[in-house]
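Residue numbers (this note's numbering): 43 to 302.
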Amino acid sequence: MIKNNNIVLSSSHPEIKINKMKKHLSIFKLKPLSMLCFTFLILISSCKKEESDPNEQLQDGNSTVITDLAGDTQAAMGSATPGKEARPFYIFLFRLKDQKQIWIRNATDSAQWLKGKDWDLAFTGPYNSEVYVNDKKYRYNPGFEGNAESAVVMLEQQYDLVDQAPSDQVFDASTITKIGWASSASANGWFFYSLSTHIMQAIPNRTYAIRLPDGKYAKLQLINAYKGNPPSVTDLNWPAPYFTFKYYVQQNGSKNLKTK
């Protein structure tokens, strides 16, 4: 029995039945909405789990993977870039055996490092995008007239498929002096550069075999110059230079470069 405005109603009264039916219908309407929200949350969670870090895909268990190695981020090509200095980009050297980055900011740094064998790669030029191996023979190489002699060969192959270094005859005959901007598909550079957007795009399936000063052989893939290793860049102001690259050095002196 229920009292309603001093009137006693039985549970069988029509008004009581209508109220119960409304309550039942409201619950029925909420259930599909709740299920929809629950399903949506599961989908979001599932998508997050499936999103993979692009840098994780570069790992093969043998190669060294370098991600977001900062170049000279304070330099700028022009004077109109806020917070940047309008000056040439400082060179930095990179040593493969221990991933040491060495900055060349002045004459003292140059005298200490450039002519020695304690580096393997030099990142030079605009946005540190022009890469040299340490070689004393080429006039414009940072290591010119030094103590190191290296050679590099470009291979139009996916990095993982490069299992063998070229012959010494091929290294000796190589005319590659710098790895930088590729003005055409047949050029030796590692990236294309758009004169309209001023954005770099790494060339896929391009690997560089290197004969190092100590006679060991290596392979190198230059992957990105933009922070986070994005698959593509449309924003001119995307943070750069932040280098992603991978390499493998065969320590036993053989030409075996198999990493997978």
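In this text, a Cβ means the ideal position worked out from N, Cα and C, and glycines have one as well.
C-alpha gap between residue i and residue j, whole angstroms
i, j, result
"residue 205", "residue 124", "46 Å"
"residue 185", "residue 98", "34 Å"
"residue 266", "residue 284", "8 Å"
"residue 239", "residue 278", "7 Å"
"residue 225", "residue 269", "23 Å"
"residue 134", "residue 219", "17 Å"
"residue 213", "residue 249", "14 Å"
"residue 236", "residue 222", "14 Å"
"residue 129", "residue 172", "16 Å"
"residue 289", "residue 120", "33 Å"
"residue 159", "residue 296", "21 Å"
"residue 144", "residue 136", "6 Å"
"residue 31", "residue 182", "Because the chain in this structure spans residues 43 to 302, residue 31 falls outside the shown range and cannot be described."
"residue 302", "residue 207", "15 Å"
"residue 291", "residue 176", "15 Å"
"residue 216", "residue 230", "11 Å"
"residue 157", "residue 276", "39 Å"
"residue 242", "residue 227", "14 Å"
DSSP beta-bridge partners of residue i
i, result
"residue 242", "235"
"residue 196", "250"
"residue 145", "134"
"residue 287", "108 and 264"
"residue 298", "206"
"residue 116", "Answer is none; residue 116 lacks a bridge partner."
"residue 165", "134 and 173"
"residue 180", "Answer by DSSP bridge pairing: none, since residue 180 is not bridged."
"residue 259", "253 and 292"
Residue i burial status per 10 Å Cβ neighbour count (16 or more: buried)
i, result
"residue 232", "buried"
"residue 246", "exposed"
"residue 187", "exposed"
"residue 105", "buried"
"residue 325", "It is not possible to answer for residue 325, since the shown part of the chain is limited to 43 through 302."
"residue 142", "exposed"
"residue 300", "exposed"
"residue 286", "buried"
"residue 210", "exposed"
"residue 148", "exposed"
"residue 140", "exposed"
"residue 253", "buried"
"residue 293", "exposed"
"residue 189", "exposed"
"residue 298", "exposed"
"residue 192", "buried"
"residue 282", "buried"
"residue 259", "buried"
"residue 162", "buried"
"residue 71", "Unreliable positioning characterises residue 71 in this predicted model, as indicated by a pLDDT of 49, which lies under 50. A coordinate reading is not provided."
8 Å contact criterion, which residue i and residue j should meet: CB distance rounded
i, j, result
"residue 126", "residue 117", "7 Å"
"residue 251", "residue 195", "5 Å"
"residue 180", "residue 164", "Not really, about 11 Å apart at Cβ, beyond 8 Å."
"residue 109", "residue 271", "6 Å"
Contact with chain C by residue i, beta-carbon distance below 9 Å
i, result
"residue 113", "Annotation note: the requested chain C is absent from the structure, which comprises a single protein chain."
- request: Take every Cβ of the segment 142-155, pair it with every Cβ of the segment 250-264, and state whether three or more of those distances are shorter than 8 Å.
  value: No, the segment 142-155 does not touch the segment 250-264.
- prompt: Do the segment 163-170 and the segment 194-213 make contact, defined as three or more Cβ pairs closer than 8 Å?
  reply: With the rule of 3 Cβ pairs closer than 8 Å, the segment 163-170 does not count as touching the segment 194-213.
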